[in-house]
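Please read the structure below before turning to the comments.
2 protein chains.
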Amino acid sequence: MSLHGLSLLAGQPGQTGGTTFHATNPATGERLEPAFHEASLAEAGAALDAAAEAWVDLRTRSGADRARLLEAMAAEIEELGDTLLQRAHAETGLPLVRLTGERGRTCGQLRLFAQVVREGSWVDARIDPALPTRQPLPRADLRRMLTALGPVVVFGSSNFPLAFSAAGGDTASALAAGCPVVVKAHRAHPGTAELVATALQRAVAACGFPPATYSLIHGGGSTLGIALVRHPATAAVGFTGSHTAGRALFDAAAARPHPIPVFAEMSSVNPLFVLAGALGERGATIAQGLLTSFTLGVGQFCTKPGLVFVQRGPDTEAFLQKLADAVRAAPCGTMLTHGIREAFLENRGRITSVADVRPLAASAATVHPERTEAEPSVATTSARTFLANPVLATEAFGPFTLVVVADDMAELSACAASLEGQLTATVHGTPADLAAAGSLLARLERVAGRVVINGFPTGVEVCPAMNHGGPYPATTDTRFTSVGTAAILRFVRPVCYQSYPDPLLPAALQNANPLGLLRLVDGKPTRDPVVHA
Amino acid sequence: MSLHGLSLLAGQPGQTGGTTFHATNPATGERLEPAFHEASLAEAGAALDAAAEAWVDLRTRSGADRARLLEAMAAEIEELGDTLLQRAHAETGLPLVRLTGERGRTCGQLRLFAQVVREGSWVDARIDPALPTRQPLPRADLRRMLTALGPVVVFGSSNFPLAFSAAGGDTASALAAGCPVVVKAHRAHPGTAELVATALQRAVAACGFPPATYSLIHGGGSTLGIALVRHPATAAVGFTGSHTAGRALFDAAAARPHPIPVFAEMSSVNPLFVLAGALGERGATIAQGLLTSFTLGVGQFCTKPGLVFVQRGPDTEAFLQKLADAVRAAPCGTMLTHGIREAFLENRGRITSVADVRPLAASAATVHPERTEAEPSVATTSARTFLANPVLATEAFGPFTLVVVADDMAELSACAASLEGQLTATVHGTPADLAAAGSLLARLERVAGRVVINGFPTGVEVCPAMNHGGPYPATTDTRFTSVGTAAILRFVRPVCYQSYPDPLLPAALQNANPLGLLRLVDGKPTRDPVVHA
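Chains as they are written, first to last, in the working numbering: chain A, 2 to 534; chain B, 2 to 534.
Right under this line is the structure:
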């Protein structure tokens with residue numbers, strides 16, 4: 002399967018002739034063929050205009066139709082076989098076993114959204130039948146459901162070349178909602194993106210959807226990104242990446258004549274608290290689990306625990322020692338790109354250069370910069386130093402964590418109170434610890450999107466109850482998750498139909514309930530048909 | 002019951018000594034006592050800080066507790082009796098019968114939200130129990146529910162002194178969600194706001210909620226409003242009013258270091274299409290209904306139909322004649338304020354001064370400017386003129402509507418295609434008309450929040466299926482309604498609890514389902530307890 006290096010715009014290959022770029026194998030430094038051609042702003046705009054046309058069709062397609070499309074997409078991705086895995090491996094340096102798992106997750110979430118839209122009750126259908134004889138005024142027949150917002154621009158992430166990229170969670174949830182998708186491919190894995198986009202386009206064609214249901218755009222820099230956000234046809238934006246880039250997209254969207262929502266998942270240090278009882282009871286186990294969690298994927302997860310708070314006590318030193326031992330024994334790993342490694346070293350350096358931040362341990366293995374490697378490391382400091390230096394609460398995206406030692410519970414609480422919005426927060430405690438930690442847990446609930454007890458935050462399950470999102474700066478819109486079935490709610494808005502003749506209503510709202518949805522009728526959930534309406 | 006003219010800040014009266022203002026009776030021009038004292042920015046900030054403290058308590062109060070508070074608020078408002086109605090009548094010029102109805106709606110929506118939170122399933126509880134033996138990886142126990150965002154700033158509207166003001170829909174839905182509320186009272190009815198706020202504060206005290214659960218602030222100009230939006234403790238904003246003011250609040254919120262959502266309901270012309278068959282079959286009835294709708298409340302409803310599209314045909318002239326007759330026979334009415342009347346005359350003038358816009362009729366009654374009166378009027382123009390002059394699609398908030406006559410269905414469609422976001426859109430048609438109008442209806446669904454068939458858009462039912470919101474510029478966030486039970490969803494975000502011991506979970510998520518909620522367990526809706534978890 003040879004790559005053409007072109008954007009895929011509403012089923013058509015993009016133009017050549019502009020700027021080109023190559024992917025690089027981070028594990029070898031090798032330049033990977035072919036050259037990729039950046040799309041022009043005109044091409045990108047045309048793809049969005051075509052997507053707006055496609056939306057008119059997509060938004061009224063049945064859930065069954067959309068489910069078939071999502072399932073066909075999953076099958077086409079699987080059909081790419083090892084070609085996809087090999088290219089992703091070359092472009093990202095991620096191990097094949099990880100990529101195999103990530104492909105499973107990618108296809109799994111496409112199929113999960115297929116289930117959701119085939120079942121259909123997610124549209125939150127609400128029916129208040131007419132009350133023609135009500136006094137003092139009759140009530141008109143009112144029926145409401147959620148409908149697709151319009152074309153969604155998705156920015157592929159660096160760290161999930163499959164599960165949060167060309168056919169990732171944003172794409173799956175937007176298509177499920179009935180929104181056409183225009184993906185801006187991440188420049189670090191353009192070949193992976195092309196393969197996936199080609200597979201998706203095959204599914205689009207096979208299922209009889211308009212070609213502009215899905216487009217993939219190659220390009221770079223902020224100009225194209227901002228142009229995509231500003232384009233009048235764009236109705237919403239999904240993004241996973243840095244705070245700087247996410248905020249720039251958010252600002253551009255808010256400044257539009259007609260503002261649109263931006264779902265940017267940006268930065269989180271994912272604080273982890275180890276309470277005194279747990280430290281004594283199983284400090285060594287926690288240290289090992291922490292090592293595994295903060296070095297997973299070479300620390301390149303948005304849920305990586307980057308801050309660990311412990312209370313000074315008889316077991317603190319032993320815990321630090323165990324953690325140091327584990328870190329020293331940990332291997333180095335190839336990071337996704339040279340730029341990510343540089344940023345990691347810089348951000349880690351800003352943290353470790355603060356006075357009273359002491360290095361605790363680093364991997365004993367030789368680190369190979371020419372393989373884009375970084376070594377796991379951990380540093381430690383006091384709560385007082387942490388509270389006095391806001392930089393210590395910033396994210397260093399890579400295999401590093403900072404252990405903050407508090408003198409007492411009051412200091413630990415002060416640290417918790419100082420935290421900004423987070424994707425996750427974690428507490429390790431014995432039942433007695435937890436019983437005494439009510440106000441800490443309550444604080445973490447207010448600051449984080451997901452609170453974990455006696456576990457680790459990495460490993461984000463794709464399921465109905467997941468919440469991957471949190472107060473700013475973790476995300477730009479804390480009201481929504483980007484992982485799990487509720488992610489579909491980002492790309493819809495309610496429409497109310499008043500006094501519609503039954504046959505003109507969407508099937509979801511018709512009296513007979515032909516789709517068998519769970520609906521709110523007169524305020525009561527039911528799958529029964531509406532009678533006498 | 003005498004008014005003190007002070008803000009009510011976390012249960013305490015505000016300071017005197019700053020700028021004061023008076024309300025004016027628009028029907029007489031009389032200055033109404035007492036003087037109202039504008040709150041300082043420091044006072045407003047302190048109220049928000051106190052609200053943030055109160056939130057820590059409120060967010061975990063049971064639905065039953067919050068329901069009792071909302072019901073006590075409704076009872077206390079009713080307890081104000083005629084005093085409230087008389088003051089509102091004096092401040093707004095609205096007839097007592099209207100205000101009596103609006104009080105019913107106000108107390109009704111407080112009680113409706115009480116029902117919603119007492120029943121409790123609105124929190125969208127989702128439980129995915131642990132799968133410890135799943136391969137290749139176990140699944141942790143994951144439970145998610147919606148929780149309160151934080152303090153909400155509400156800007157009272159001019160045109161609903163009760164139902165969208167101190168204790169209006171924004172206040173009711175925010176309190177129901179568990180968010181403390183700080184209301185910026187509208188300057189046109191400060192005495193009404195004080196009476197209501199005093200009643201609410203009595204309910205807060207009686208129900209044992211923190212005094213900062215509710216505050217009312219008097220003030221003016223954009224400085225205070227922007228300061229309220231920028232205050233770090235503010236988590237969300239509800240607003241009903243002009244596009245200029247709403248956009249300014251939105252921009253301020255988006256420019257915050259930590260952006261927050263603004264739910265501004267701003268402007269809508271609520272296009273109404275009369276198709277040819279309906280025009281022939283019941284043009285006179287439609288003309289009469291249209292007159293009633295666009296002059297209701299002296300045209301001061303956000304759902305007032307301000308644009309009417311008809312197709313030129315044998316029945317068009319008769320329809321226009323009937324409408325003209327009805328308008329000529331309609332009485333003049335007192336508008337809410339001198340400023341609103343001035344803005345109405347100016348905006349109507351901008352529309353009627355466009356070349357080829359012809360006056361069709363105006364009320365034959367004498368208009369009394371000293372009573373702040375405006376006369377119902379209607380003008381007409383061609384679709385060609387409409388399409389060439391975007392000003393004709395702007396809102397004139399008052400008793401005026403513009404009838405646009407299209408030469409054919411293609412022109413009608415072009416008009417529909419040119420429309421910006423709307424709260425509502427309406428179509429009158431016979432079954433045959435409607436059967437042929439699929440693409441028009443589909444277009445209106447995409448542009449409006451509520452589509453009405455063979456009815457009129459004024460009269461917004463407060464119920465589960467209502468949607469009062471629409472694409473920009475109708476509102477700043479088309480994903481949410483400001484009327485009906487779904488309005489509570491504006492003020493919440495999901496929190497996911499991972500691997501929590503059952504007793505530490507919120508009641509909504511505990512295994513036994515002690516609240517009896519409808520929950521999504523393993524993706525399936527059920528009220529059953531969770532077993533073996």
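Ideal Cβ positions, reconstructed from N, Cα and C, are used throughout, including at glycine.
Nothing here was measured: the structure is a model prediction, and the numbers come from that model.
**Request:** Write down the C-beta distance between B:E72 and B:R106 rounded to the nearest angstrom, noting that I regard them as a contact closer than 8 Å.
**Result:** Taking a contact as a CB-CB distance under 8 Å, the pair B:E72 and B:R106 does not count as one, their CB atoms being some 16 Å apart.
**Proximity winner among B:T479, B:T476, B:G19 and B:G94, relative to B:T29 (alpha-carbon distances)** = Its Cα nearest to that of B:T29, the residue B:G94 stands out among B:T479, B:T476, B:G19 and B:G94.
**Message:** Extract the residue ranges of the beta strand (DSSP E) inside the segment 171-235 of chain B, only unbroken runs of 3 or more that lie entirely within it.
**Reply:** 182-185 and 215-218
**Asked** Which residues, taken in chain order from the segment 303-318 of chain A, show a beta carbon closer than 9 Å to some beta carbon of chain B?
**Response** Within the segment 303-318 of chain A, no residue has a Cβ that lies closer than 9 Å to any Cβ of chain B.
**C-alpha gap between B:G247 and A:L442, whole angstroms** = 36 Å
**the ligand SAM heavy atom lying under 7 Å from the CB of B:F345** = Absence of the ligand SAM from the depicted structure is noted, as is the absence of any ligand whatsoever, leaving it without description.
**Supposed contact pair A:Q301 and A:L605 - C-beta distance, whole angstroms, cut 8 Å** = Absent from the structure is residue 605 of chain A, since the part of chain A shown begins at 2 and ends at 534.
**Prompt:** How many Å lie between A:A509 and A:L196 at the Cα?
**Reply:** 36 Å
**Inter-residue Cα distance where the pair is A:L225 and A:V358** = Straight across, the Cα-Cα distance linking A:L225 with A:V358 is about 40 Å.
**Prompt:** Can you tell which of B:V230, B:V263, B:G242 and B:V328 has the C-alpha that lies nearest to the C-alpha of B:L42?
**Reply:** Nearest of B:V230, B:V263, B:G242 and B:V328 to B:L42, Cα basis: B:V230.
**Prompt:** Hey, quick one: how far does the alpha helix (DSSP H) through B:A255 stretch, first residue to last?
**Reply:** H244 to A255
**Request:** With DSSP collapsed to three states, give me the class of A:L518.
**Result:** coil
**Prompt:** What is the DSSP secondary structure of A:V117, reduced to helix, strand or coil?
**Reply:** helix
**Prompt:** Closest Cβ-Cβ distance between A:T107 and chain B: below 8 Å?
**Reply:** no
**Request:** Would you check if the distance between the CB atom of B:L308 and the CB atom of B:V270 is smaller than 8 Å?
**Result:** yes
**Prompt:** For A:P262, which of helix, strand or coil comes out of DSSP?
**Reply:** coil
**Prompt:** In three-state DSSP terms, what is A:C108?
**Reply:** helix
**Asked** Which of helix, strand or coil does DSSP assign to A:D129?
**Response** Reduced to three states, the DSSP call for A:D129 is strand.
**Request:** Just tell me which of A:E44, A:L490, A:R62 and A:G284 has its CA closest to the CA of A:T431.
**Result:** A:G284
**Request:** To the nearest angstrom, report how far apart B:P315 and B:R99 are at their CA atoms.
**Result:** In a straight line, the C-alpha of B:P315 is about 39 Å away from that of B:R99.
**Message:** Assuming A:A384 is part of the alpha helix (DSSP H), what are its boundary residues?
**Reply:** A384 to A389
**Prompt:** Using a C-beta to C-beta distance shorter than 8 Å, which residues of chain B count as neighbours of A:E1?
**Reply:** Outside the shown range of chain A (2 to 534) lies residue 1 of chain A, about which nothing can therefore be said.
**Item:** Inter-residue Cα distance where the pair is B:A173 and A:A253
**Value:** 33 Å
**Message:** Threshold first: 3 residues or longer. Then list the beta strand (DSSP E) segments lying entirely within the segment 296-344 of chain A, N to C.
**Reply:** As for any beta strand (DSSP E) of minimum length 3 sitting wholly inside the segment 296-344 of chain A, the runs are 308-312, ordered along the chain.
**Request:** From the DSSP output, in three-state form, read off A:F161 for me.
**Result:** coil
**Request:** Taking C-beta pairs closer than 7 Å, name the residues in chain B that A:Q511 reaches, listed in chain order.
**Result:** Using a Cβ-Cβ cut-off of 7 Å, A:Q511 is close to nothing in chain B; its nearest Cβ partner there is about 14 Å away.
**Message:** Taking the alpha carbon of A:G15 as the reference point, which residue from A:L33, A:L4, A:E39 and A:T425 has its own alpha carbon closest?
**Reply:** A:E39
**Reference B:A415; option with closest CA among B:A389, B:V428 and B:E92** = B:A389
**Asked** Among A:E92, A:E266, A:G82 and A:R140, which residue has its Cα nearest to the Cα of B:G460?
**Response** A:R140
**Message:** For A:V453, list the residues DSSP reports as bridge partners.
**Reply:** A:T427 and B:Q499
**Asked** Closer than 8 Å, CB to CB, is B:E446 near chain A or not?
**Response** yes
**Request:** Taking only the alpha-carbon atoms, compute the straight-line gap between A:V463 and B:T101 and give it to the nearest angstrom.
**Result:** 51 Å
**Item:** CB contact check: B:L521 to chain A, cutoff 8 Å
**Value:** yes
**Prompt:** Relative to the alpha-carbon of B:R32, which residue among B:A438, B:N160 and B:A91 has its alpha-carbon at the smallest distance?
**Reply:** B:A91
**Request:** For B:Q13, write down the residues that DSSP places opposite it in a beta bridge.
**Result:** Under DSSP, B:Q13 takes part in a beta bridge, and its partners are B:L10.
**Prompt:** Mind checking whether A:L506 and A:R144 have CB atoms under 8 Å apart?
**Reply:** yes
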